[in-house]
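Undergrad: Take a look at the following structure, please.
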Amino acid sequence: MAPPRPRSPPTTRAMRARAAASSDRIPPDVLFDVLLRLPARDLCRLRAVSRSWRALASDPLFVAAHAARHGGPLFLAMFQDDKTSVYAVDLSGDVVKRVAAGAGGGPYHRLLCTRLDLGCLATDWNRCSVLDPATGAVHVLPERPAEEHANCVNLSNPYTFFALGRVAATGEHKVFRMFNRLGFHNGGQQIFEVFTINGGTDHARWRGRQGPGLFIDECSGVAVNGVVYFLTSRVYEGACCGIRPDYIVSFDLGREEWMRDLRGPISSNAGYAKVSLYTRHQLALAELKGSLVLADHHHQPFTMDLWFLSDFRSGLWVKQYHIRIESLNLRSADEYHLKPLLVLDDGRLVLYLAPTGQVVHM
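Residue numbers (UniProt numbering): 1 to 362.
Here you go:
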């Protein structure tokens, strides 16, 4: 009589199937409460246990409850070795969640800075998509221009800028697009359009809008509380024509029209006597604590002042931060240009170092 054959150890697939079957027997309310207690790092790994666990961890209600319970800011980020995904990371750099960008992402897409619950991926040559990190849904925006601009936009070689904002009065998310025609300094055009995300059939198209009457610096755009702000173009650098380097134009996404122009803190503040010595590369716009901020970089010594727009109607700016960049012990002069990202509850400032991809807080 032949001896019994030894049993083969269970395969990885079988072990996963058993774990999934066991997990599905846990009552949903108990599972919700248990997963809610776990830190984000562990929760990210446990999403792979079963479809039901992954669905629960991706549910917007659970995501909101987990964020409220554990606190701490999360950032959306892209990594150099994976340009087809967007990652939610915490301040320590730990990955909380990975979201596949699908057809909305690619090796040349960049993630636009936003404080909203949505992310925006875009390229300079007119590709843009909006994704929901909570559900993984991706909305790829059409590339064709608005009907009003069909005959005046160079579609073969467009250079575009995008900004995503939310209209507080309606809750709508809108994308602002600008076509920047090559050679616009010599009589070219800047063309502006708006698209409403999930705005129904009537709004699921680009709508052409008038320009502000000035050439703007497309790389300076930032969305704050439903308004997109820009510094004027470097064609006005040197304060020619009475336009200062910190002159700001703004577009209201709710009314879909340009607002009145705004003087920045440098030309508005009596303490800056030599405005004409300023150049545009010293200045950058950002959004902090729901306010428009102008970052003013200085050299020798390397410092950065952060001016907060206190009141739009009066044009009042308040300097809230003076940062000595040299204290960060950066490795080269190329790293001194920092972008402010966030103000923590304790007042510390989170900064992004573009050349190296570092996030520092001080």
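Note that CB positions come from ideal geometry on N, CA and C, so glycine has one too.
Go through its chain and collect everything with a Cβ distance to His149's Cβ below 6 Å, but skip five positions before and after it.
TA: Your numbering for residue 149 matches position 149 in the sequence shown. Here the set comprises Ile191, Gly208.
Undergrad: Looking at C-beta atoms only, is the number of pairs between the region 70-87 and the region 49-56 that lie closer than 8 Å three or more?
TA: They do not touch, by the three-pair rule.
Undergrad: In angstroms, rounded to a whole number, what distance separates the CA positions of Phe230 and Asn180?
TA: Within the sequence shown, numbered from 1, the residue matching residue 230 stands at position 230. Within the sequence shown, numbered from 1, the residue matching residue 180 stands at position 180. Cα-Cα distance, rounded: 14 Å.
Undergrad: Measuring CB to CB, does Cys128 end up less than 8 Å from Phe176?
TA: Position 128 of the sequence shown, counted from the first residue, corresponds to residue 128. Position 176 of the sequence shown, counted from the first residue, corresponds to residue 176. Taking 8 Å as the Cβ cut-off, Cys128 and Phe176 do not qualify as a contacting pair.
Undergrad: Between Val194, Gln210, Pro340, Thr232, which lies nearest to Gly226 when the distance is taken from Cα to Cα?
TA: The sequence position of residue 226 within the sequence shown is 226, counting from 1. Among Val194, Gln210, Pro340, Thr232, the Cα nearest to that of Gly226 is on Val194.
Undergrad: Just to confirm the assignment, what range does the alpha helix (DSSP H) spanning Val34 have?
TA: Walking along the sequence shown from the start, residue 34 turns up at place 34. Counting along the chain, the alpha helix (DSSP H) containing Val34 begins and ends at 28-37.
Undergrad: My parser needs the beta strand (DSSP E) runs of 3 or more residues fully inside the region 120-173; what are they?
TA: As far as the region 120-173 is concerned, its whole beta strand (DSSP E) runs of at least 3 residues are 128-131, 138-140, 160-166.
Undergrad: How should Glu287 be labelled, buried or exposed, when 16 other C-beta atoms within 10 angstroms of its C-beta is the threshold for buried?
TA: Residue 287 sits at position 287 when you count from the first residue of the sequence shown. It is buried - the Cβ of Glu287 has at least 16 other Cβ atoms within 10 Å.
Undergrad: Indicate the three-state DSSP secondary structure (helix, strand or coil) for Ala103 in the structure shown.
TA: Looking up residue 103 in the sequence shown gives position 103. Helix.
Undergrad: List the endpoints of the continuous beta strand (DSSP E) containing Arg181.
TA: For the purposes of this step, residue 181 is taken as the residue at position 181 of the sequence shown. First-last for Arg181: undefined, no H or E at that position.
Undergrad: Give the range of the alpha helix (DSSP H) segment to which Arg54 is assigned.
TA: Against the sequence shown, residue 54 aligns to sequence position 54. Start and end: 51-58.
Undergrad: What number of angstroms, rounded off, separates the C-alpha of Ala239 from the C-alpha of Thr170?
TA: Taking the first residue of the sequence shown as 1, we reach residue 239 at position 239. Taking the first residue of the sequence shown as 1, we reach residue 170 at position 170. Note that Ala239 scores 49 on pLDDT, short of 50, meaning its location in the model is unreliable; the coordinates nonetheless yield the value given after this. Distance between the alpha carbons of Ala239 and Thr170: 39 Å.
Undergrad: Please name the residue, chosen from Arg260, Glu256, Pro340, that lies closest to Val249 on a Cα-to-Cα basis.
TA: Within the sequence shown, residue 249 is the residue found at index 249, counting from 1. Nearest option by C-alpha distance: Arg260.
Undergrad: So the beta strand (DSSP E) Ser310 belongs to, where does it begin and stop?
TA: In the sequence shown, the residue the question calls residue 310 occupies position 310. From DSSP, the beta strand (DSSP E) with Ser310 extends over 303-311.
Undergrad: Nearest CA to the CA of Lys83: which residue from Ala295, Leu111, Phe302?
TA: Locating residue 83 in the sequence shown gives position 83, counting from the first residue. Closest option to Lys83, Cα to Cα, is Leu111.
Undergrad: Have a look at Arg324 and Leu292 and give me their C-alpha separation to the nearest angstrom.
TA: Within the sequence shown, the letter at position 324 stands for residue 324. Within the sequence shown, the letter at position 292 stands for residue 292. Their backbone Cα atoms lie some 21 Å apart in a straight line.
Undergrad: Measuring CA to CA, which of Leu118, Ala168, Leu353 is closest to His139?
TA: Along the sequence shown, one-based indexing puts residue 139 at 139. It is Leu118.
Undergrad: Beta carbon of Ala146, beta carbon of Trp206: below 8 Å?
TA: Residue mapping note: residue 146 aligns to position 146 of the sequence shown, counting from 1. Residue mapping note: residue 206 aligns to position 206 of the sequence shown, counting from 1. Their beta carbons are under 8 Å apart, which means Ala146 touches Trp206 by this criterion.
Undergrad: Locate the alpha helix (DSSP H) running through Ser268, then write down its first and last residues.
TA: In the sequence shown, the residue the question calls residue 268 occupies position 268. Note, Ser268: alpha helix (DSSP H), 265-268.
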